[in-house]
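Inspection log for the structure reproduced underneath, given as structure tokens.
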Amino acid sequence: MRQYSTVIIGMGRMGKTRYQAMKKHGGFCVTAICDNNVELLSNYSENIYTDWKQCIDIESPEVVVVCTINAVIPDVVCYAIEKGCQVFAEKPPGKSLQDALRMKNCADQYKNRILKFGFNHRYHNSVIEAKSLIDSGFLGEVVAARGVYGKAGDLSKNEWRNDIELAGGGILLDQGIHMLDLLRYFVGDFTEINGFTDKLVWKESVGEDTAFATMKTERGQVATLHSSAIQWKHKFDVDIICTNGYIALNGLITSTKSYGEERITYYKKDLEQKSGKLGNPTEYTLCFDEDFSWDYEMEEFYDAVCGNGVVENGTVEDAVAVMELIDRVYRN
Ligand SMILES: NC(=O)c1ccc[n+]([C@@H]2O[C@H](COP(=O)([O-])OP(=O)(O)OC[C@H]3O[C@@H](n4cnc5c(N)ncnc54)[C@H](O)[C@@H]3O)[C@@H](O)[C@H]2O)c1
Numbered sequence: 158m159r160q161y162s163t164v165i166i167g168m169g170r171m172g173k174t175r176y177q178a179m180k181k182h183g184g185f186c187v188t189a190i191c192d193n194n195v196e197l198l199s200n201y202s203e204n205i206y207t208d209w210k211q212c213i214d215i216e217s218p219e220v221v222v223v224c225t226i227n228a229v230i231p232d233v234v235c236y237a238i239e240k241g242c243q244v245f246a247e248k249p250p251g252k253s254l255q256d257a258l259r260m261k262n263c264a265d266q267y268k269n270r271i272l273k274f275g276f277n278h279r280y281h282n283s284v285i286e287a288k289s290l291i292d293s294g295f296l297g298e299v300v301a302a303r304g305v306y307g308k309a310g311d312l313s314k315n316e317w318r319n320d321i322e323l324a325g326g327g328i329l330l331d332q333g334i335h336m337l338d339l340l341r342y343f344v345g346d347f348t349e350i351n352g353f354t355d356k357l358v359w360k361e362s363v364g365e366d367t368a369f370a371t372m373k374t375e376r377g378q379v380a381t382l383h384s385s386a387i388q389w390k391h392k393f394d395v396d397i398i399c400t401n402g403y404i405a406l407n408g409l410i411t412s413t414k415s416y417g418e419e420r421i422t423y424y425k426k427d428l429e430q431k432s433g434k435l436g437n438p439t440e441y442t443l444c445f446d447e448d449f450s451w452d453y454e455m456e457e458f459y460d461a462v463c464g465n466g467v468v469e470n471g472t473v474e475d476a477v478a479v480m481e482l483i484d485r486v487y488r489n
């Protein structure tokens, strides 16, 4: 297997997660890691840097993985692309729509570069099952969807997410973005969006603790989103209503296990009561207890880098589209 020389910029929680996934994959040779907090770089055998530009200049890697805080992502992405690297960057694609557009403009100038963003939720097992069920047409057309994604936020001062200059937004940009991306993935491109954000409990926070949005595609399909930092017991729920049936995703396997078991349930509508249960048709449920999303995501990135595939998920177009939706809700 061809190994690509790789550096990882930002070695906090996600940097470590991506490091492990890249090692496990085997197609990436991590030569260096970088973080401006040098304490995070002990216990690694790779070269270490505290300055990301130096890291890219000296290592001249083929691949750059960007796991810094939101405010730093666009500068590193654009610099790495200009230096000829293939780039994987964490979501959100910067702090704002302008940041996402800046990265798209840069990528558009270098057509032979790969740029992929870490919308890893698309690679969760229940999401993969739901997408293939939708694409099979077994349940008819998707006409509506509801997504709820929430966690218990906090106001700790040493968390960059609580600094608007570093984060760019509140729970909608931080976590709700994953649900928005999934709703686009399941339903389609939304051309209309109405929504608002609020601080319902965390009044002193710089970003919103709550966001609601209603969206519509050109074909008239509708979706709603509730993103929350005051969901005291963590929750991940998606309902997908199709012309001939229904899909529900409940729970999500993550490292904290706080979103509960990951399940997909589906049924076909049964108005002639063949099952004998009007309004309560026979349901089929699959449960998952492992999260392979980081591995599947790296596989797709690797295939794109070595020219055996394309970036299908987390494209720069996906990144801009989802940031446009968020921008419209924030501007409300
Ligand atoms: N895909 C997902 O599901 C997912 C989950 C969590 C976080 N994220 C995203 O990953 C990114 C990192 O989040 P995290 O949870 O790992 O945060 P974190 O605070 O654990 O890690 C961020 C790291 O970036 C470093 N950093 C900041 N500025 C830097 C600079 N100029 N140069 C080098 N390093 C710098 C910090 O020192 C820190 O170690 C964020 O954009 C976040 O939104 C994605």
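Residue numbering for the sequence shown follows our numbering, beginning at 158 and increasing consecutively.
Glycine included, C-beta positions come from ideal geometry on N, C-alpha and C.
This structure is a prediction, so every number in the text was calculated from the model and none was measured.
Contact between the stretch 358-374 and the stretch 250-263 is absent, with fewer than three C-beta pairs closer than 8 Å. When beta bridges are read from the DSSP output, ASP448 appears opposite no residue. Here GLY325 has ASN227, LYS252, SER253 as same chain residues with Cβ atoms under 6 Å from its own Cβ, once five neighbours each way along the sequence are excluded. Below 8 Å, too few C-beta pairs join the stretch 189-207 and the stretch 237-250 to call them touching: fewer than three.
If the five residues before and after VAL379 are omitted, its C-beta is found closer than 6 Å to the C-beta atoms of ALA301, LYS373, all from its own chain and listed in chain order.
Assigned with DSSP and collapsed to three states, LEU329 falls in helix.
The beta-carbon distance between CYS224 and ILE165, rounded to whole angstroms, is 6 Å. This is short enough to meet the 8 Å contact definition. CA-to-CA, the gap between GLU361 and SER385 works out to about 16 Å. Annotation: LEU435 to LYS356 spans about 41 Å, alpha carbon to alpha carbon.
In the assembly as shown, LYS268 is an exposed residue. Its beta-carbon has fewer than 16 other beta-carbons within 10 Å. The stretch 440-459 makes contact with the stretch 279-291; the number of CB pairs closer than 8 Å reaches 3 or more. Within the chosen limit of 7 Å, ligand 1 reaches the beta carbon of ARG170 through at least one heavy atom.
Each residue's CA atom was taken as its position, placing ILE238 and THR439 some 51 Å apart.
With fewer than 16 neighbouring CB atoms inside 10 Å of its own CB, GLY183 falls in the exposed class. Between PHE393 and TYR306, the CB-CB gap stays under 8 Å. A straight-line Cα-Cα distance of about 10 Å links ARG485 and GLU349. The DSSP-derived three-state label of SER385 is strand. Assignment of beta-bridge partners to MET372 by DSSP yields ILE350, ALA380.
Around the C-beta of GLU216, 16 or more other C-beta atoms lie within 10 Å, and the residue is accordingly described as buried. In this structure, DSSP gives SER432 a state outside helix and strand, which the three-state scheme calls coil. In the three-state reduction of the DSSP assignment, ASN315 falls in the coil class, being assigned neither a helical nor a strand state.
Ranking GLU429, GLU469, ILE271, CYS186 by CA distance to the CA of SER202 puts CYS186 first.
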